[in-house]
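Numbering (the numbering used here), first residue to last: 338 to 596.
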């Protein structure tokens, strides 16, 4: 049996491997682009409780005006500050208790992404917002992940994830009762590890956003939990005519008394 200390050490080691990639050229580029998208989106969203699930090295709620903001991690021991430890497919929150939930790159690394979305729908308040960022398989980032899986047995973050297509994810959200408010794409430059290559390919950022936005390396979704409106059924107050058989008729139409 694995002891708690050994488990915590394993978790910290895995997180350290992830952080090594985030410190790379491609990782820094990804964080810069996503931070700008989250900063813009959370500023205009209101409520009382907000939770960021994972991606603890980034503070995606720093621009939020919601008073109660929390960070959750799947690791019991983490290199970064977190308020609680939990799984993304079993959130320890009451039903309809969150106004804002952030899932940065959670679904492609979740063992049960459908269940993760079900949990998100359960804990969200009516009209609450769900923010999701994920790797686009139809991009140079997706192609890089496929080549890594073909050429290497030891998969490393983030290429070991199961990238989910944008169209499929929109269908999942609709089934879970979410309305997609907006979709933005970023990271049009391929995930170069050399800073020189990235600088030489800087022109692809604006060119890609203008000419082929759907091929961005990362998609960013803002979704809102729908509230099913109930239409009251009003009784129809309509005077129904009496049936002819029920109408009383006079027995005589002419006077019978003779003068």
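Ideal Cβ positions, reconstructed from N, Cα and C, are used throughout, including at glycine.
Discussion item. Taking the straight line between their C-alpha atoms, what separation do you get for residue 541 and residue 521?
Written reply: Taking the chain shown and counting its residues from 1, the one referred to as residue 541 is at position 204. Taking the chain shown and counting its residues from 1, the one referred to as residue 521 is at position 184. Taking the Cα positions, residue 541 is about 16 Å away from residue 521.
Discussion item. Between the alpha carbons of residue 365 and residue 356, how many angstroms are there, rounded?
Written reply: Position 28 of the chain shown, counted from the first residue, corresponds to residue 365. Position 19 of the chain shown, counted from the first residue, corresponds to residue 356. Between the alpha carbons of residue 365 and residue 356 lies a gap of roughly 10 Å.
Worksheet item: From which residue to which residue does the beta strand (DSSP E) around residue 562 run?
Response: Taking the chain shown and counting its residues from 1, one reaches residue 562 at position 225. First-last of the beta strand (DSSP E) with residue 562: 555–562.
Practice prompt. Could you please give me the residues that DSSP links to residue 469 through a beta bridge?
Written response: Mapped onto the chain shown, residue 469 falls at position 132. Looking at the DSSP assignment, residue 469 forms a beta bridge with 440 and 558.
Worksheet item: Taking C-beta to C-beta, are residue 458 and residue 390 nearer than 7 Å?
Response: Walking along the chain shown from the start, residue 458 turns up at place 121. Walking along the chain shown from the start, residue 390 turns up at place 53. Result no, Cβ atoms of residue 458 and residue 390 do not sit closer than 7 Å.
Practice prompt. Can you check the stretch 388–465 for any alpha helix (DSSP H) of at least 4 residues that lies completely inside it and give the ranges in chain order?
Written response: Complete alpha helix (DSSP H) runs here, min 4: 450–460.
Worksheet item: By a C-beta neighbour count over all protein chains shown, 10 Å radius and 16 as the cutoff for buried, is residue 543 buried or exposed?
Response: Within the chain shown, residue 543 is the residue found at index 206, counting from 1. With fewer than 16 Cβ atoms within 10 Å of its Cβ, residue 543 is classed as exposed.
Worksheet item: Are residue 313 and residue 462 closer than 7 Å when you measure CB to CB?
Response: Outside the shown range of the chain (338 to 596) lies residue 313, about which nothing can therefore be said.
Worksheet item: Cα separation between residue 420 and residue 435?
Response: Counting from 1 along the chain shown, the entry for residue 420 is found at position 83. Counting from 1 along the chain shown, the entry for residue 435 is found at position 98. Rounded to the nearest angstrom, the two C-alpha atoms are 15 Å apart.
Practice prompt. Identify every run of the beta strand (DSSP E) within the stretch 495–542, keeping only runs that are complete inside it and at least 3 residues long; order them along the chain.
Written response: Whole beta strand (DSSP E) segments, 3+ residues: 515–523.
Worksheet item: Quick one: what's residue 386 bridged to in DSSP?
Response: Locating residue 386 in the chain shown gives position 49, where the first residue counts as 1. According to DSSP, residue 386 bridges with 405.
Practice prompt. Could you have a look at residue 492 and say whether DSSP puts it in helix, strand or coil?
Written response: Translated into positions along the chain shown, residue 492 becomes position 155. Correct three-state label for residue 492: coil.
Discussion item. Give me, in chain order, the residues of the same chain whose beta-carbon lies closer than 6 Å to that of residue 477; leave out the 5 immediate sequence neighbours on both sides.
Written reply: Within the chain shown, the letter at position 140 stands for residue 477. Beyond the five residues adjoining it in sequence on each side, residue 477 comes within less than 6 Å, by CB distance, of 527 in the same chain, given in chain order.
Practice prompt. For residue 488, collect the residues of the same chain with a Cβ closer than 6 Å to its Cβ; drop the 5 residues on either side in sequence, then sort them by chain order.
Written response: Sequence index remark: in the chain shown, residue 488 carries index 151 (1-based). So the list is empty, once near-sequence residues are dropped.
Discussion item. If I measure Cβ to Cβ from residue 370 and keep anything under 6 Å in the same chain, skipping five residues before and after, which residues do I get?
Written reply: On the chain shown, position 33 is the one that residue 370 refers to. Here the set comprises 523 and 524.
Item to complete: Could you tell me if residue 404 is buried or exposed, where buried requires 16 or more neighbouring beta carbons within 10 angstroms of its beta carbon?
Response: Counted from its first residue, the chain shown places residue 404 at position 67. It counts as exposed.
Fill in: Close Cβ partners of residue 479 (< 7 Å) along its chain, the five nearest in sequence each way excluded
Within the chain shown, residue 479 is the residue found at index 142, counting from 1. Cβ-Cβ distances below 7 Å link residue 479 to 472, 473 and 500 in the same chain, with the five nearest sequence neighbours on each side left out; the list follows chain order.
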